[in-house]
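Asker:
There are 2 protein chains.
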Amino acid sequence: MSTELRFTVTYRVQGAADEIAARADAIRFEQTVEFPMDLTPERIIEASVGRVVEIAPAAAGGHRVVISYPSAIVGKELTQFLNVVFGNTSIQPGVRVERFDLPPEMLVGCRGPRFGRQGLRTLLDAARRPLLCTALKPMGLSARELADQARQFALGGIDIIKDDHGLADQGFSPFGERVRACATAVAEANARTGFRSVYVPNVTAPHDQVVDRAHLAKAYGAGGILISPGLTGFDAARRLADDDQLALPMMSHPALLGSFTASPDNGISHYALYGQINRLAGIDAVVFPSWGGRFAFTRDECLSIAAGTAEPLGTLAPIFPAPGGGMKRDRVVEMREAYGSDVIFLIGGDLHRPTADLAANSRRFRDLVESYI
Amino acid sequence: MSTELRFTVTYRVQGAADEIAARADAIRFEQTVEFPMDLTPERIIEASVGRVVEIAPAAAGGHRVVISYPSAIVGKELTQFLNVVFGNTSIQPGVRVERFDLPPEMLVGCRGPRFGRQGLRTLLDAARRPLLCTALKPMGLSARELADQARQFALGGIDIIKDDHGLADQGFSPFGERVRACATAVAEANARTGFRSVYVPNVTAPHDQVVDRAHLAKAYGAGGILISPGLTGFDAARRLADDDQLALPMMSHPALLGSFTASPDNGISHYALYGQINRLAGIDAVVFPSWGGRFAFTRDECLSIAAGTAEPLGTLAPIFPAPGGGMKRDRVVEMREAYGSDVIFLIGGDLHRPTADLAANSRRFRDLVESYI
Numbered sequence: 002m003s004t005e006l007r008f009t010v011t012y013r014v015q016g017a018a019d020e021i022a023a024r025a026d027a028i029r030f031e032q033t034v035e036f037p038m039d040l041t042p043e044r045i046i047e048a049s050v051g052r053v054v055e056i057a058p059a060a061a062g063g064h065r066v067v068i069s070y071p072s073a074i075v076g077k078e079l080t081q082f083l084n085v086v087f088g089n090t091s092i093q094p095g096v097r098v099e100r101f102d103l104p105p106e107m108l109v110g111c112r113g114p115r116f117g118r119q120g121l122r123t124l125l126d127a128a129r130r131p132l133l134c135t136a137l138k139p140m141g142l143s144a145r146e147l148a149d150q151a152r153q154f155a156l157g158g159i160d161i162i163k164d165d166h167g168l169a170d171q172g173f174s175p176f177g178e179r180v181r182a183c184a185t186a187v188a189e190a191n192a193r194t195g196f197r198s199v200y201v202p203n204v205t206a207p208h209d210q211v212v213d214r215a216h217l218a219k220a221y222g223a224g225g226i227l228i229s230p231g232l233t234g235f236d237a238a239r240r241l242a243d244d245d246q247l248a249l250p251m252m253s254h255p256a257l258l259g260s261f262t263a264s265p266d267n268g269i270s271h272y273a274l275y276g277q278i279n280r281l282a283g284i285d286a287v288v289f290p291s292w293g294g295r296f297a298f299t300r301d302e303c304l305s306i307a308a309g310t311a312e313p314l315g316t317l318a319p320i321f322p323a324p325g326g327g328m329k330r331d332r333v334v335e336m337r338e339a340y341g342s343d344v345i346f347l348i349g350g351d352l353h354r355p356t357a358d359l360a361a362n363s364r365r366f367r368d369l370v371e372s373y374i
Numbered sequence: 002m003s004t005e006l007r008f009t010v011t012y013r014v015q016g017a018a019d020e021i022a023a024r025a026d027a028i029r030f031e032q033t034v035e036f037p038m039d040l041t042p043e044r045i046i047e048a049s050v051g052r053v054v055e056i057a058p059a060a061a062g063g064h065r066v067v068i069s070y071p072s073a074i075v076g077k078e079l080t081q082f083l084n085v086v087f088g089n090t091s092i093q094p095g096v097r098v099e100r101f102d103l104p105p106e107m108l109v110g111c112r113g114p115r116f117g118r119q120g121l122r123t124l125l126d127a128a129r130r131p132l133l134c135t136a137l138k139p140m141g142l143s144a145r146e147l148a149d150q151a152r153q154f155a156l157g158g159i160d161i162i163k164d165d166h167g168l169a170d171q172g173f174s175p176f177g178e179r180v181r182a183c184a185t186a187v188a189e190a191n192a193r194t195g196f197r198s199v200y201v202p203n204v205t206a207p208h209d210q211v212v213d214r215a216h217l218a219k220a221y222g223a224g225g226i227l228i229s230p231g232l233t234g235f236d237a238a239r240r241l242a243d244d245d246q247l248a249l250p251m252m253s254h255p256a257l258l259g260s261f262t263a264s265p266d267n268g269i270s271h272y273a274l275y276g277q278i279n280r281l282a283g284i285d286a287v288v289f290p291s292w293g294g295r296f297a298f299t300r301d302e303c304l305s306i307a308a309g310t311a312e313p314l315g316t317l318a319p320i321f322p323a324p325g326g327g328m329k330r331d332r333v334v335e336m337r338e339a340y341g342s343d344v345i346f347l348i349g350g351d352l353h354r355p356t357a358d359l360a361a362n363s364r365r366f367r368d369l370v371e372s373y374i
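Protein chains in written order, with our numbering: chain A, 2 to 374; chain B, 2 to 374.
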């Protein structure tokens with residue numbers, strides 16, 4: 002038993018102090034055998050049920066409850082890992098997943114980020130500075146119009162030119178047509194500038210089309226893949242990250258994930274959701290809404306995401322935080338100071354604002370970022 | 002323009018009365034072009050941006066905001082439909098999706114439930130009575146032990162014998178071995194009893210294994226498919242429901258979906274999440290935790306789920322609510338009165354309690370239900 006592989010999940014649990022031990026017991030059974038304690042054979046309790054490792058008052062309110070689970074009940078599947086972490090207990094009021102800790106030997110079948118921070122820096126030839134990112138928008142433009150935008154952004158030196166996450170396979174800009182046009186435009190711009198800008202199309206799609214779209218994107222010259230795991234499931238990202246024939250950097254978008262952090266005493270912490278789970282799913286850069294934009298994440302919540310992208314997690318590489326959600330050029334200094342240089346500045350609408358010349362706007366954005374190295 | 006296909010989403014929005022119009026504007030842009038209003042070309046606003054149809058105080062607090070979206074921005078994809086309904090706005094505090102309304106012509110590429118209530122009743126030869134369901138558990142038992150359980154339940158006349166949702170492909174009971182053993186056991190029992198019990202294995206699995214496991218399950222004689230869309234993404238269910246070579250009833254489990262309903266002013270209503278979205282995804286029977294068990298959904302919330310499984314939604318068939326989560330035999334009368342007879346009683350642990358003879362316990366459960374027709 003002493004060599005058995007186990008991992009821990011840290012929950013924050015609400016309730017009166019004298020109820021917490023019973024709540025912890027309920028969680029360790031609910032997340033495993035989902036069976037009455039008195040009916041569960043002793044050998045099953047020993048082999049499969051979680052064990053309470055720690056109960057202590059939590060600074061943020063409620064109690065910190067650490068439960069250790071045997072890796073044997075996960076197998077090698079990210080879906081079942083997430084199920085053990087929070088499946089049924091997500092439906093219990095007043096329980097929040099704060100973090101999990103995995104032994105390096107246990108990576109639940111995930112190779113994790115293929116590129117990570119260092120790989121992405123090498124690919125984009127940006128050794129130390131923050132990376133620049135923007136999104137092609139608004140939806141409703143044609144593939145040709147989006148490709149014109151992409152060309153301008155690439156000429157101006159934006160590193161990562163991604164689809165807006167609402168671009169799927171609509172009639173106004175069908176997936177294949179858009180990807181071919183945008184990837185070609187970025188490649189042509191790179192040939193002129195010497196930059197290594199990448200076009201990153203959105204492959205959030207029906208279950209049976211995600212993989213095909215990613216491969217089609219690669220064939221057309223895409224330099225990365227964008228996916229919204231809240232819409233596809235996290236394992237769709239893991240599937241693409243693990244694909245040696247694809248071997249492209251993966252970027253995730255937070256669409257439909259907001260409910261996990263909507264209540265401070267429920268759901269999954271920013272740290273675990275945007276940092277840890279994205280890394281397990283093989284994401285190299287995670288988009289989230291930074292403070293001071295159109296959304297309401299606090300500075301502390303955003304910095305906890307950045308921490309979750311980098312702190313030790315098995316043997317997984319650190320990945321890039323990509324704060325967006327209404328960021329503007331005048332926030333770059335503040336963000337640079339808060340996030341450090343291992344950050345992707347994602348600026349969308351504001352990059353259209355200074356002049357009608359997107360390439361010139363982009364160059365000024367790049368100059369601004371480079372001046373702070 | 003007058004013949005353009007549009008659908009509506011009803012949100013409940015928090016905020017001072019004089020802020021609601023601005024919040025509604027923010028939502029209709031955020032969910033579509035995600036671009037500053039003043040920079041969006043008029044033709045794009047006309048063609049792609051949502052339109053506010055109604056703003057009115059809501060009985061539950063906040064305001065009811067109805068936004069109409071053009072189906073053209075969805076295309077034919079459930080992933081993009083969910084993205085338009087709530088993608089980015091899920092991250093905004095104080096916005097809840099209450100329901101959506103689709104014209105019959107627009108089914109976002111979903112054929113919907115293949116069986117529905119009527120199809121499931123025909124399949125199980127149960128014209129009018131509530132259906133009976135249980136789960137094979139606890140995890141940690143071997144495939145042979147689970148198959149012995151399945152046989153007993155089938156001999157006792159349980160209609161639907163499903164995997165516990167934590168059974169995946171662990172070493173103690175590998176998927177293929179378990180499914181073959183359990184399906185065979187149920188078929189043998191049916192041959193003795195004349196009942197039409199079905200074994201419903203869990204195919205919640207890595208992205209690239211969901212479809213294969215479902216087909217393997219069918220080859221081994223499974224009579225339905227269980228999936229947790231919170232873990233796989235809803236479109237994995239849709240993919241299986243649409244599969245003419247599979248053509249098995251689909252049952253969903255709520256694992257990891259709890260955060261959507263954890264806060265009354267955020268997330269997605271029980272009605273829309275468990276009723277409407279499950280139907281769009283082709284689910285024939287939706288498991289959820291009923292009031293009075295181990296979870297905290299209220300009676301009203303549970304009955305709103307039942308309403309969402311049946312009220313008109315395009316041309317989609319009504320499906321079965323399957324209330325579980327700690328239901329016991331002594332709740333059957335109360336549940337029968339609340340849900341009516343179009344319900345699946347899902348009783349797990351409690352079916353192990355009266356005696357060690359699971360077949361006898363199951364027969365008594367069935368007798369109890371049949372006595373209330």
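Heads up, the beta-carbon is just placed ideally off N, CA and C, and yes, glycines get one too. Nothing here was measured: the structure is a model prediction, and the numbers come from that model.
Could you spell out where the beta strand (DSSP E) holding residue 64 of chain A opens and where it closes?
Answerer: In the first sequence, residue 64 of chain A corresponds to position 63, counting from 1. First-last of the beta strand (DSSP E) with residue 64 of chain A: 64–71.
Asker: Given that a residue counts as buried once 16 or more other Cβ atoms are within 10 Å of its Cβ, and exposed if not, what is residue 383 of chain A?
Answerer: Past the edges of chain A, shown from 2 to 374, lies residue 383 of chain A, and the structure says nothing about it.
Asker: With DSSP as the reference, identify every bridge partner of residue 9 of chain B, one or two as the case may be.
Answerer: Locating residue 9 of chain B in the second sequence gives position 8, counting from the first residue. DSSP, once it has assigned bridges, lists B/69 and B/102 as partnering residue 9 of chain B.
Asker: When you compare only the Cα positions, how much space is there between residue 140 of chain B and residue 304 of chain A?
Answerer: Your numbering for residue 140 of chain B matches position 139 in the second sequence. Your numbering for residue 304 of chain A matches position 303 in the first sequence. Distance between the alpha carbons of residue 140 of chain B and residue 304 of chain A is about 38 Å.
Asker: Within the same chain, show all residues whose beta-carbon is closer than 8 Å to that of residue 194 of chain A, passing over the 5 residues directly before and after it, in chain order.
Answerer: As a first step, residue 194 of chain A must be located in the first sequence, where it is residue number 193. If we look at residue 194 of chain A and ignore the five residues flanking it on each side, its Cβ neighbours are 155, 156 and 158.
Asker: Tell me, please, whether the stretch 165–179 of chain B touches the stretch 200–219 of chain B by the rule of three or more beta-carbon pairs shorter than 8 Å.
Answerer: Segments in contact, yes.
Asker: Looking at the structure shown, is residue 163 of chain B part of a helix, part of a strand, or coil, going by DSSP?
Answerer: Taking the second sequence and counting its residues from 1, one reaches residue 163 of chain B at position 162. Strand at residue 163 of chain B.
Asker: Please go through the same chain and pick out, in chain order, the residues whose beta-carbon is closer than 8 Å to the beta-carbon of residue 357 of chain A, but skip the five residues on each side of it.
Answerer: Position 356 of the first sequence, counting from 1, holds the residue named residue 357 of chain A. Result list for residue 357 of chain A: empty, nothing under 8 Å.
Asker: How many angstroms separate the CA atom of residue 91 of chain A from the CA atom of residue 97 of chain A?
Answerer: For the purposes of this step, residue 91 of chain A is taken as residue 90 along the first sequence, with counting starting at 1. For the purposes of this step, residue 97 of chain A is taken as residue 96 along the first sequence, with counting starting at 1. The alpha-carbon atoms of residue 91 of chain A and residue 97 of chain A are separated by roughly 8 Å.
Asker: Using a Cβ distance threshold of 8 Å, determine whether the stretch 45–56 of chain A contacts the stretch 8–28 of chain A, with at least three qualifying pairs required.
Answerer: yes
Asker: Under 8 Å, Cβ to Cβ, is there at least one residue of chain A near residue 150 of chain B?
Answerer: The residue labelled residue 150 of chain B in the question sits at position 149 within the second sequence. Not closer than 8 Å to any Cβ of chain A, the Cβ of residue 150 of chain B fails to qualify, so no.
Asker: On a Cα-Cα basis, can you pick out the residue from A/279, A/308, A/35 and A/268 that is closest to residue 15 of chain A?
Answerer: Numbered from its first residue, the first sequence carries residue 15 of chain A at position 14. Ranking the options by Cα distance to residue 15 of chain A, first place goes to A/268.
Asker: Relative to the C-alpha of residue 327 of chain A, which candidate in A/160, A/316, A/290 and A/133 has its C-alpha closest?
Answerer: By one-based count along the first sequence, residue 327 of chain A stands at place 326. Out of A/160, A/316, A/290 and A/133, A/290 has the C-alpha closest to the C-alpha of residue 327 of chain A.
Asker: Return no unless some Cβ of chain A is closer than 8 Å to the Cβ of residue 2 of chain B.
Answerer: As a working mapping, residue 2 of chain B is identified with position 1 in the second sequence. With a pLDDT of 42 at residue 2 of chain B, under the threshold of 50, the modelled position of this residue cannot be trusted; read the value that follows with caution. No, no contact with chain A.
Asker: Below 8 Å on the Cβ atoms is my contact criterion, and I expect residue 117 of chain B with residue 285 of chain B to pass it. Report the Cβ-Cβ distance as a whole number of Å.
Answerer: Here the question's residue 117 of chain B lines up with position 116 in the second sequence. Here the question's residue 285 of chain B lines up with position 284 in the second sequence. Confirmed, about 6 Å.
Asker: Verify the CB distance criterion: does residue 353 of chain B have a CB-CB separation below 8 Å to chain A?
Answerer: Numbered from its first residue, the second sequence carries residue 353 of chain B at position 352. Yes, residue 353 of chain B lies at the interface with chain A (some Cβ there is under 8 Å from its Cβ).
Asker: For a contact meaning CB atoms closer than 7 Å, what does residue 350 of chain B contact in chain A?
Answerer: One-based indexing of the second sequence puts residue 350 of chain B at position 349. Going along chain A in sequence order, the residues near residue 350 of chain B (Cβ under 7 Å) are 36, 37 and 40.
Asker: Answer yes or no: does any C-beta atom of chain A fall closer than 8 Å to that of residue 271 of chain B?
Answerer: For the purposes of this step, residue 271 of chain B is taken as the residue at position 270 of the second sequence. So, not an interface residue.
Asker: Is any beta-carbon of chain B found at less than 8 Å from that of residue 226 of chain A?
Answerer: Counting from one through the first sequence, the residue named residue 226 of chain A turns up at place 225. It does not; no Cβ of chain B falls within 8 Å.
Asker: Residues in its own chain within less than 6 Å of residue 361 of chain B by CB, not counting five upstream and five downstream?
Answerer: Taking the first residue of the second sequence as position 1, residue 361 of chain B is located at position 360. Result list for residue 361 of chain B: empty, nothing under 6 Å.
Asker: Mind checking if residue 59 of chain B is an interface residue toward chain A, Cβ cutoff 8 Å exclusive?
Answerer: Within the second sequence, the letter at position 58 stands for residue 59 of chain B. Chain A contact via Cβ: absent.
Asker: Can you tell me whether residue 116 of chain A is helix, strand or coil according to DSSP?
Answerer: By 1-based counting over the first sequence, the position of residue 116 of chain A is 115. Residue 116 of chain A: coil per DSSP, three-state reduction.
Asker: 8 Å is my cut-off, CB to CB: does residue 296 of chain A come that close to chain B?
Answerer: For the purposes of this step, residue 296 of chain A is identified with residue 295 of the first sequence, where counting begins at 1. Yes, residue 296 of chain A lies at the interface with chain B (some Cβ there is under 8 Å from its Cβ).
Asker: Which residues, taken in chain order from the stretch 168–194 of chain A, show a beta carbon closer than 8 Å to some beta carbon of chain B?
Answerer: Residues passing the 8 Å Cβ filter: 169, 170, 171, 172 and 173.
Asker: Pick out whichever of B/371, B/123, B/121 and B/30 has its Cα sitting closest to the Cα of residue 84 of chain B.
Answerer: On the second sequence, position 83 is the one that residue 84 of chain B refers to. Comparing Cα positions, the closest option is B/30.
Asker: List the residues of chain A that residue 138 of chain B touches, going by C-beta distances under 8 Å, in chain order.
Answerer: The residue you call residue 138 of chain B lines up with position 137 of the second sequence. Around residue 138 of chain B, the beta-carbon contacts reaching into chain A at under 8 Å are 34, 35 and 36.
Asker: Please state the DSSP three-state secondary structure of residue 282 of chain A.
Answerer: On the first sequence, position 281 is the one that residue 282 of chain A refers to. Three-state result, residue 282 of chain A: coil.
Asker: What would DSSP say about residue 198 of chain A, mapped onto helix, strand or coil?
Answerer: Along the first sequence, read from residue 1 onward, the residue named residue 198 of chain A stands at position 197. In the structure shown, residue 198 of chain A sits in coil (DSSP, three-state: anything other than H, G, I, E or B).
Asker: For a contact meaning CB atoms closer than 9 Å, what does residue 165 of chain A contact in chain B?
Answerer: By 1-based counting over the first sequence, the position of residue 165 of chain A is 164. The contacting residues are 34, 35 and 36.
Asker: For a contact defined as C-beta to C-beta under 7 Å, what are the partners of residue 92 of chain B on chain A?
Answerer: For this step, residue 92 of chain B is matched to residue 91 along the second sequence. Per Cβ cutoff of 7 Å: 255, 259, 290 and 296.
Asker: Let me know the secondary structure DSSP gives residue 111 of chain B once reduced to three states.
Answerer: Your numbering for residue 111 of chain B matches position 110 in the second sequence. Residue state, collapsed to three classes: coil.
Asker: Do three or more CB pairs link the stretch 65–72 of chain A to the stretch 219–228 of chain A at distances below 8 Å?
Answerer: Contact between the stretch 65–72 of chain A and the stretch 219–228 of chain A is absent, because fewer than three Cβ pairs lie under 8 Å.
Asker: What does the alpha-carbon distance come out to for the pair residue 369 of chain B and residue 133 of chain B?
Answerer: Reading the second sequence from its first residue, position 368 is the one you call residue 369 of chain B. Reading the second sequence from its first residue, position 132 is the one you call residue 133 of chain B. Looking at the two C-alpha atoms, the distance is approximately 11 Å.
Asker: Could you check if residue 38 of chain A is buried or exposed, using at least 16 other CB atoms within 10 Å of its CB as the buried criterion?
Answerer: Counted from its first residue, the first sequence places residue 38 of chain A at position 37. Exposed.
Asker: Under a CB-based cut-off of 8 Å, is residue 19 of chain B close to chain A?
Answerer: Counted from its first residue, the second sequence places residue 19 of chain B at position 18. At a cut-off of 8 Å between beta carbons, residue 19 of chain B makes no contact with chain A.
Asker: From the DSSP output, in three-state form, read off residue 55 of chain A for me.
Answerer: Looking up residue 55 of chain A in the first sequence gives position 54. In the structure shown, residue 55 of chain A sits in a strand (DSSP, three-state: E or B).
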